[in-house]
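**Q** Before I ask anything, let me first share the structure, which is written out below as structure tokens.
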Ligand SMILES: CC(C)(COP(=O)(O)OP(=O)(O)OC[C@H]1O[C@@H](n2cnc3c(N)ncnc32)[C@H](O)[C@@H]1OP(=O)(O)O)[C@@H](O)C(=O)NCCC(=O)NCCS
């Protein structure tokens, strides 16, 4: 089990949707609003987790949303606040999603990530995820450039 001193993982992500949408909007080109996140969370099989500081003051370190569908689970989004990175929070959130998905009966965990997103790809590879497909020019940036989507999977040991 992962633990980081001074921080805790919470599963009632609904309580923190303002923080989550604020972080999402600060990081991604296509931000998800609070309502977007709420709409995802009412879909069957969707869960999430967030990491918070145990100290005083606002410290929302990051969150993950994922969905279990039949025999697989998919990461919908993952974000760690820039000032909280490289402290193990991304790995903690991914492990939480993988463990919950496996316990719910999923046989594998899937996600897509933009080609060139080195921090995310290295995180996923460090967890044992492997690339199984690529979608050419799937992402379009604000400047009009395109990037491939890399599809990765983690097969659970059953
Ligand atoms: C990707 C992201 C979630 C990683 O979160 P994080 O909390 O910094 O990651 P961790 O500290 O748990 O790192 C775990 C491992 O990932 C890899 N990693 C993370 N950041 C990295 C970086 N900048 N460069 C290279 N490897 C990196 C390393 O293997 C690291 O292990 P190490 O620290 O022992 O070397 C974070 O950078 C982020 O939110 N990025 C923007 C949003 C995003 O791209 N989300 C994913 C969309 S698919």
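Residue numbers (the working numbering): 317 to 474.
Glycine included, C-beta positions come from ideal geometry on N, C-alpha and C.
Could you pull the start and end residues of the beta strand (DSSP E) that residue 369 belongs to?
**A** That run of the beta strand (DSSP E) goes 362-369.
**Q** Since residue 350 is in the alpha helix (DSSP H), which residue starts that stretch and which ends it?
**A** Residue 350 -> alpha helix (DSSP H) spans 350-357.
**Q** Starting from the Cα of residue 467, find the closest Cα among 433, 428 and 418 and give me that residue.
**A** Nearest option by C-alpha distance: 428.
**Q** Taking DSSP as the reference, what is the three-state secondary structure of residue 318?
**A** Coil.
**Q** Beta-carbon within less than 7 Å of residue 325's beta-carbon, same chain only, minus the 5 sequence neighbours each way: which residues are those?
**A** Excluding positions up to five away in sequence, the list reads 365, 367, 408 and 412.
**Q** List the DSSP bridge partners of residue 378.
**A** According to DSSP, which records beta bridges pairwise, residue 378 is partnered with 367 and 396.
**Q** Taking only the alpha-carbon atoms, compute the straight-line gap between residue 377 and residue 405 and give it to the nearest angstrom.
**A** Their Cα atoms are separated by approximately 7 Å.
**Q** Whole angstroms are fine: how far does the CA of residue 323 sit from the CA of residue 329?
**A** The alpha-carbon atoms of residue 329 and residue 323 are separated by roughly 15 Å.
**Q** Hey, out of 380, 333 and 359, whose CA is closest to residue 351's CA?
**A** Measuring from the Cα of residue 351, the nearest candidate turns out to be 333.
**Q** Which complete alpha helix (DSSP H) runs does the region 400-427 hold, if anything under 4 residues is left out?
**A** Segments of the alpha helix (DSSP H) lying fully in the region 400-427: 405-419.
**Q** With DSSP run on the structure shown, which of helix, strand or coil describes residue 327?
**A** Coil.
**Q** Can you give the beta carbon distance from residue 417 to residue 382, rounded, assuming they're within the 8 Å contact cut?
**A** Sure, about 7 Å apart at Cβ, within 8 Å.
**Q** Please name the residue in 432, 403, 450 and 434 whose C-alpha comes closest to that of residue 426.
**A** For residue 426, the nearest C-alpha among the options comes from 450.
**Q** Between which two residues does the beta strand (DSSP E) holding residue 451 run?
**A** That run of the beta strand (DSSP E) goes 446-456.
**Q** Considering only the alpha carbon of each residue, which of 353, 410, 345 and 437 lies closest to residue 336?
**A** That would be 353, whose Cα lies nearest to the Cα of residue 336.
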